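Since the structure comes first, as structure tokens, the remarks are kept for the end.
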């Protein structure tokens, strides 16, 4: 009974609000007529039909309508031409919209949507010290034959299956390279991390190397996966022999960026990508709305729309290749197999959040000593200086001149390579020229 009474009260309230709104609208209309539209008002005197501006604007249209007035002969004689033409106009608009909707439906039916398939678990896993499982994939030569060990964290919306783009297993075998790729926390078959940041990302990389018997290794980052390569250079530099990055990502909010460097960086991106970065930094929870309607919708789509990319002609031609499309769709299916939006929100937020370090922290520099008494006494008996940073080689491909200048200013050991070089062969040559 109480619910019925509340519904009655609510209905009466809404009726009252509607009546008040109508009366308010009528009052506003009367005020406009009396103060703005009467013959003595400023608007009518200066912009009305008899004013200079009104005559200047309406006379050309009046002449045009006069020339086209012969069309009125084809209209019904008992109908007002204005009324007839308005009906014809709106019917034409409705017919056009109906034809357009029918065309879109036919085009959609001609290209059936491919649904995401969840594959059975197939990854090899290691158990991390905190009990989490990390899925990884091993390519190339075995551990006892390896001349070089390479660990490659994957980029956004990818998985361990991606490997290194353009690097085939035959090349790894030829140069004695052991390639290890793994799923980031919450991606693929890896367990999520409850307190994830870039330091924990580098620590996970070191734990994977320990579990697989790897001492020193090269870290390779592609696109946004290079964020984790930068983290490895910062937090586990003693484990790295070198780094190689393809189209590396830097933090667009890095405090050492000048206004001009930040402007050039942002101008290269699409509006949608800028908007997604803004959400990731300010309102990361809103990303779930967009992700669940794109790559987490259960249907395959276009990579450039999902990742807000502006692709060139060569990249578009590559995407249309059936072999590449099958490979990329399988990689996406593995990446989103847990159907959990949180890891993707965390990954996007990490890209634009405070990384906990700047690129200038990666260069070799003396470690600052603490000012407490224990550190002072310790320094009296030890003459060796403690250093921090990374002294090894860092090779990058596919970067603009402005981006290279930004990377070269804080890091003196960066080597830039032209994008026209075959990446897979270049990487092998770099490894051979930097043996350890």
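Residue numbers (the numbering used here): 379 to 814.
Just so it is clear, CB atoms sit at the ideal spot from N, CA and C, and this is done for glycine as well.
Computed from a predicted structure; not experimentally measured.
- If you follow the beta strand (DSSP E) that residue 729 is part of, which residue opens it and which one closes it? It is not in any beta strand (DSSP E) - residue 729 instead sits in the alpha helix (DSSP H) that spans 720–730.
- Message: When you compare the CB positions of residue 613 and residue 568, do they come within less than 8 Å of one another, or not?
- Response: no
- Which residue or residues does DSSP assign as beta-bridge partners of residue 526? Beta-bridge pairing by DSSP links residue 526 to 555.
- Query: With a CB to CB cut of under 7 Å and the five nearest residues on each side skipped, what residues in its chain are close to residue 706?
  - Reply: A distance below 7 Å between beta-carbons, with the five flanking residues on each side excluded, links residue 706 to the following residues of its chain, in chain order: 681.
- Counting along the chain, where does the alpha helix (DSSP H) carrying residue 581 start and finish? 576–589
- Task: Can you grab the Cα-Cα spacing for the pair residue 468 / residue 475, in whole Å?
- Result: 11 Å
- Task: State the Cα-Cα distance for the pair residue 407 and residue 400, rounded to the nearest angstrom.
- Result: 11 Å
- Query: Which word fits residue 620, buried or exposed, when buried means at least 16 other C-beta atoms lie within 10 angstroms of its C-beta?
  - Reply: buried
- Item | Anticipated Cβ contact below 8 Å, residue 329 with residue 729, distance rounded | One cannot answer for residue 329 here, as it falls past the ends of the chain, which runs 379 to 814.
- Work out the CA separation of residue 386 and residue 654 for me, nearest whole Å. 45 Å
- Given a threshold of 16 other Cβ atoms within 10 Å of its Cβ, counted over all protein chains shown, does residue 740 qualify as buried or as exposed? buried
- Query: Apart from the five residues on each side of it in sequence, which residues of its chain come closer than 7 Å, Cβ to Cβ, to residue 506?
  - Reply: Excluding sequence neighbours, residue 506 sits near 512, 582, 585.
- As assigned by DSSP and simplified to three states, the class of residue 606: helix
- Item | Three-state class that DSSP yields for residue 600 in the structure shown | strand
- Query: Can you give the Cα-Cα distance for residue 800 and residue 624, rounded to whole angstroms?
  - Reply: At residue 800, the pLDDT of 49 sits below 50, so the modelled position is not reliable; the number obtained from the coordinates is stated separately. Cα-Cα distance, rounded: 12 Å.
- Exposed unless 16 or more other CB atoms sit within 10 angstroms - verdict on residue 388: Result: exposed.
- Query: Short check: CB of residue 576 to CB of residue 518, under 8 Å?
  - Reply: Contact flag unset, no.
- Is residue 518 helix, strand or coil by DSSP? strand
- Cut-off 7 Å between Cβ atoms - residues of its own chain near residue 578, not counting five sequence neighbours on either side: 571
- Cα separation between residue 627 and residue 499? 31 Å
- Query: With C-beta atoms as the reference, is residue 541 less than 8 Å away from residue 524?
  - Reply: no
- Extent of the continuous alpha helix (DSSP H) to which residue 665 belongs: Where residue 665 is concerned, the enclosing alpha helix (DSSP H) starts and stops at 665–669.
- Given residue 720 as reference, the closest of 509, 574, 521 once Cα atoms are compared: 574
- Message: For a test of the three-state rule: what should DSSP assign to residue 622, helix, strand or coil?
- Response: strand
- Query: With burial defined as no fewer than 16 other Cβ atoms inside 10 Å of the residue's Cβ, what is the status of residue 768: buried or exposed?
  - Reply: buried
- Could you tell me whether the Cβ atoms of residue 677 and residue 491 are closer together than 8 Å? yes
- Spatial distance of residue 597 from residue 607 (CA atoms): 6 Å
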